[in-house]
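In terms of my numbering, the sequence shown opens at residue -7 and continues consecutively. Backbone N, C-alpha and C fix where the C-beta goes; we use that ideal spot for every residue, glycine too.
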Amino acid sequence: MKLAILGGSFNPPHIGHLALASAVIPLGYERVIFVPAFESPFKQGAVGANPRDRLDMLAASIPTDTRLTVDDSEIRREGVSYTADTLNDIARRYYPDGKLGLIIGEDLAQDLPKWHKYEEIRQKAEIIIARRFIPSLDENIKLEKYEENNGTKDKISYSSATKFNVDKFQYPHRILENAVIPISSAMIREKIAKNEPWKYLVPQGARVIIEERGLYFQFPPPGSQLPSSLIYRMEDATRFLVSPSRFLHSRNVALLAADLCIRFGLDSRRGYLAGIVHDICKSFSTEELTDIIKRNGGKISKMGKKKPALLHAPAGALFIREKFDIQDEDILESVRVHTIGAKHMGQLAKIVFIADKIEVTRPSVRPVIREMCQHVPLDMSLDELFSLILNETVDFMRSRNMDISQETLRLLDAMQRKTDSN
Ligand SMILES: [Fe+2]
Ligand SMILES: [Fe+2]
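Rendered as structure tokens:
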């Protein structure tokens, strides 16, 4: 197999790295190996992420893409790695067809003949010179300042970097006419530290790791018990299991639930997750729903027997606990009772109930109610908002002669008494 190598710090990996690696494939290479440096000879004391983080971010950035892979040889060797050693190590283990491709940015190419064991590199590798984003002078000053402030400084001065001059490079090489994406890892680190938009500059897998481990943040976001990877996984699972329109409903419920959590001082990530998964079993057949409930030791309620569609709520809670090991009782309750409510509901369950009834694609919501959920008055408590939505829901069902469960009526009664006594 024809292989090419792309080394670097990958601190963090970004979409420019992936675009560059895939641009090499049409040259006849079948696979590109990312080789993260333990410590690049050009960048000492890389900030923000340790070698393990960088390795994990790279691996998480390329799922299912068999054209790309990661090798940890430089990280395992530790210390300063030299390209000649890496080429030998890779060749010894991968048995490439022909010479290994060595992808090098145009800003480094000019100095290539000065590299350690350059003659050996030249013999063993086909040098591929790629276009690279070279930030403007202003940008450089900012980046250097940032790195100085963080106790590190790139050996390469970007401001002195120039475009590759092919006439001055008298050694065998190929030029890659790759599209240049104007981003750099240093720029992304700076954006994260300054809380500027950065999330779509890195592949999703790397983004999850940055969020989960709080990498590069000057002030890490407030802690949540929920790992980002779990939320992504549940969002994927829900999209896979429900119809596109149901998924949009779920996402809208998640957004409104997250907003309401912020308004009422709860963890918005839990609100988002509960909203995303609340209808996860909505497309399951009655047999499947019954089976989930029974095999988890549950019972089918009278209302469930009469209206089997309602079983998607209790079955959904059991399903996410059984299949995804979600143990958060508040989230489980939010899913379990989102259709008809329950006498003693927690705050998160109330929020998800509200969001499910009011989100933007729900028809027949009175404008005044919709606006109230978007701009909850400062003096309004969660119980007051919940009572209001519950009343609206029951009024709506009565106007359509729909069956109202005993559970909902008891809840309505309890909320009425609670509000009266306040
Ligand atoms: Fe539902
Ligand atoms: Fe729903």
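How big is the Cα-Cα spacing for P195 and L60?
Cα-Cα distance, rounded: 14 Å.
Span of the alpha helix (DSSP H) holding L222?
Unbroken alpha helix (DSSP H) run through L222: S220 to L233.
Using C-beta distances below 8 Å, list every residue in its chain close to R114, excluding the 5 sequence neighbours before and after it, in chain order.
Y163 and P164, listed in sequence order.
Mapping the DSSP letters down to three states, classify V344 as helix, strand or coil.
The answer is helix: DSSP assigns V344 an H, G or I state.
Starting from L168, trace the beta strand (DSSP E) in both directions and tell me its first and last residue.
It spans R166 to L168 - the beta strand (DSSP E) in which L168 sits, taken as one unbroken run.
Is N187 buried or exposed, if buried means 16 or more other CB atoms sit within 10 Å of its CB?
N187 is exposed by the Cβ-count criterion.
Less than 8 Å between the CB atoms is what I'm expecting for L382 and L403, so what's the real figure, rounded?
Correct: roughly 7 Å between the Cβ atoms.
Please classify G308 as buried or exposed, where buried requires at least 16 other C-beta atoms within 10 Å of its C-beta.
G308 comes out buried.
So for L377, helix, strand or coil by DSSP?
Looking at L377 - three-state DSSP - the assignment turns out to be helix.
Can you find a heavy atom of ligand 2 that lies under 7 Å from the Cβ of N245?
According to the sequence as given, residue 245 is Val; it is not Asn. Yes - ligand 2 has a heavy atom lying nearer than 7 Å to the Cβ of V245.
Rank Y208, K(-6) and L168 by C-alpha distance to the C-alpha of D45 and give the top, closest one.
The shortest C-alpha separation from D45 is found at Y208.
Just curious, the beta strand (DSSP E) that A122 is in, first and last residue?
That run of the beta strand (DSSP E) goes A117 to A122.
Let's test the definition: count the other Cβ atoms within 10 Å of the Cβ of T58 and tell me whether it reaches 16, buried, or not, exposed.
Burial call: exposed.
Is any non-hydrogen atom of ligand 2 found closer than 7 Å to the C-beta of D259, if you look at the structure I gave you?
Result no, Cβ not under 7 Å from ligand 2.
Within 7 Å: the Cβ of K274 and any heavy atom of ligand 1?
The answer is yes for K274.
Taking all protein chains shown into account, do 16 or more other C-beta atoms lie within 10 angstroms of the C-beta of N170, making it buried, or fewer, making it exposed?
Its Cβ being crowded by 16 or more others within 10 Å, N170 is buried.
Would you call the segment 315 to 327 in contact with the segment 338 to 358, where contact means no fewer than 3 C-beta pairs closer than 8 Å?
With the cut-off at 8 Å, the segment 315 to 327 and the segment 338 to 358 touch.
From the DSSP output, in three-state form, read off I312 for me.
Correct three-state label for I312: helix.
If I'm right that R231 touches V172 with Cβ under 8 Å, what's the distance once you round it to whole angstroms?
About 33 Å separates the two Cβ atoms, so there is no contact after all.
Is it right to say K147 is buried, meaning 16 or more other beta carbons lie within 10 angstroms of its own, or is it exposed?
Any reading at K147 must be qualified, since the residue scores a pLDDT of 36, below 50, and its modelled position is unreliable; no value is offered.
So A334 and E399 are supposed to be a Cβ contact under 8 Å. How far apart are they, rounded?
Right, their Cβ atoms sit about 6 Å apart.
Shortest alpha-carbon distance to I332 belongs to which of I82, K315, E203 and G296?
Among I82, K315, E203 and G296, the Cα nearest to that of I332 is on G296.
Following a CB-centred definition, is A305 positioned closer than 7 Å to any heavy atom of ligand 1?
The answer is yes for A305.
Within 10 angstroms of the Cβ of T78, are there 16 or more other Cβ atoms? Answer buried if so, exposed if not.
Answer is buried; the Cβ neighbour count reaches 16.
Contact defined as beta carbons within less than 8 Å: I believe V352 pairs with G267. What is the distance between those atoms, to the nearest angstrom?
Between G267 and V352 the Cβ distance is about 13 Å, and since that is not below 8 Å, they are no contact.
Would the C-beta of M270 count as close to ligand 2, meaning under 7 Å from any of its heavy atoms?
Sequence inspection shows His at residue 270; the Met mentioned does not correspond to that position. Yes.
Is T230 near ligand 1, going by C-beta to nearest heavy atom under 7 Å?
Not under cutoff, so the answer is no.
If the criterion is Cβ atoms closer than 8 Å, does the pair H304 and K274 meet it?
Going by C-beta atoms, H304 is nearer than 8 Å to K274.
Am I right that K299 and D395 are in contact with their C-beta atoms under 8 Å? What's the rounded C-beta distance?
Rounded, the Cβ-Cβ distance is 7 Å, consistent with contact.
With distance defined between alpha-carbon atoms, name the residue in D48, P28 and L(-5) nearest to G71.
Among D48, P28 and L(-5), the Cα nearest to that of G71 is on P28.
V269 to E227, Cα distance in whole Å?
The straight-line gap from Cα to Cα measures roughly 7 Å.
Taking only the alpha-carbon atoms, compute the straight-line gap between A51 and V62 and give it to the nearest angstrom.
When rounded, the distance between both Cα atoms is 6 Å.
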